[in-house]
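K.L.:
Sending over a structure as structure tokens; questions will come in a sec.
Numbering (this note's numbering), first residue to last: 2 to 197.
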């Protein structure tokens with residue numbers, strides 16, 4: 002239901018952090034460097050994510066790109082990046098690139114996809130099925146912090162299948178991508194091999 006439910010704890014955490022900083026500073030030269038490094042790391046993280054502060058996650062959590070591993074829904078996406086996505090799509094259209102937004106598919110297939118972090122994790126159930134097949138692919142870009150951009154061609158699926166010969170999901174995704182591209186005999190060969 003959102004991080005707002007635990008916001009009353011935030012002042013106590015700030016006071017605790019200030020007390021910890023004070024204690025590190027009091028202990029001498031080496032702990033002071035640790036205290037300064039912690040404050041600088043935090044400050045740099047905040048500056049890097051600005052002005053999209055809703056998507057702030059510290060380095061230990063993976064930064065803004067790693068945020069969806071910890072929190073979703075209103076903790077990450079209030080539609081603040083929808084305009085960024087619109088600008089990206091408009092520019093892509095000028096270069097004759099078509100992008101599918103939150104694709105309505107369960108099966109893996111090549112294409113250009115713009116996927117919100119909530120749709121990627123099937124949070125709001127707006128798609129007919131989860132987009133779990135996209136989880137193992139690194140986004141090729143971002144539109145803000147709440148939209149992931151994927152450029153996937155058949156070679157992307159083939160490379161993943163080659164790199165993970167024992168990963169059944171990677172093999173099935175490759176077969177589905179082949180099938181979507183009209184290469185049904187090759188896809189059936191993979192299915193037969195997996196079934197055996």
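Glycine included, C-beta positions come from ideal geometry on N, C-alpha and C. All values reported here derive from a predicted model rather than from experimental measurement.
Extract the residue ranges of the beta strand (DSSP E) inside the segment 118-187, only unbroken runs of 3 or more that lie entirely within it.
P.N.:
Taking only runs of at least 3 residues, the beta strand (DSSP E) segments lying wholly in the segment 118-187 are 142-144, 148-153.
K.L.:
If we ignore side chains and look at the alpha-carbon of each, how far apart do residue 49 and residue 18 end up?
P.N.:
Translated into the one-based positions of the chain shown, residue 49 becomes position 48. Translated into the one-based positions of the chain shown, residue 18 becomes position 17. Near 21 Å, if we compare the C-alpha coordinates of residue 18 and residue 49.
K.L.:
Can you give the Cα-Cα distance for residue 44 and residue 16, rounded to whole angstroms?
P.N.:
Locating residue 44 in the chain shown gives position 43, counting from the first residue. Locating residue 16 in the chain shown gives position 15, counting from the first residue. So the alpha carbons of these two residues sit roughly 17 Å apart.
K.L.:
From residue 14 to residue 22, what distance separates their C-alpha atoms?
P.N.:
Within the chain shown, the letter at position 13 stands for residue 14. Within the chain shown, the letter at position 21 stands for residue 22. The alpha-carbon atoms of residue 14 and residue 22 are separated by roughly 12 Å.
K.L.:
What are the boundary residues of the alpha helix (DSSP H) that includes residue 31?
P.N.:
The sequence position of residue 31 within the chain shown is 30, counting from 1. Where residue 31 is concerned, the enclosing alpha helix (DSSP H) stretches over 30-50.
K.L.:
Could you tell me the alpha carbon to alpha carbon distance between residue 92 and residue 80, rounded to whole angstroms?
P.N.:
If you number the chain shown from 1, residue 92 lands on position 91. If you number the chain shown from 1, residue 80 lands on position 79. Roughly 20 Å separates the two Cα atoms.
K.L.:
Give me the Cα-Cα distance between residue 205 and residue 104, rounded to the nearest whole angstrom.
P.N.:
Because the chain spans 2 through 197 in this model, residue 205 falls outside it and cannot be assessed.
K.L.:
I'd like the span of the alpha helix (DSSP H) that includes residue 83, first residue to last.
P.N.:
The count along the chain shown starts at 1 and reaches residue 83 at position 82. Counting along the chain, the alpha helix (DSSP H) containing residue 83 begins and ends at 83-95.
K.L.:
Excluding sequence positions up to five away, which residues of its chain have a Cβ less than 6 Å from the Cβ of residue 188?
P.N.:
Position 187 of the chain shown, counted from the first residue, corresponds to residue 188. Taken in chain order, the residues that qualify are 176, 179, 180.
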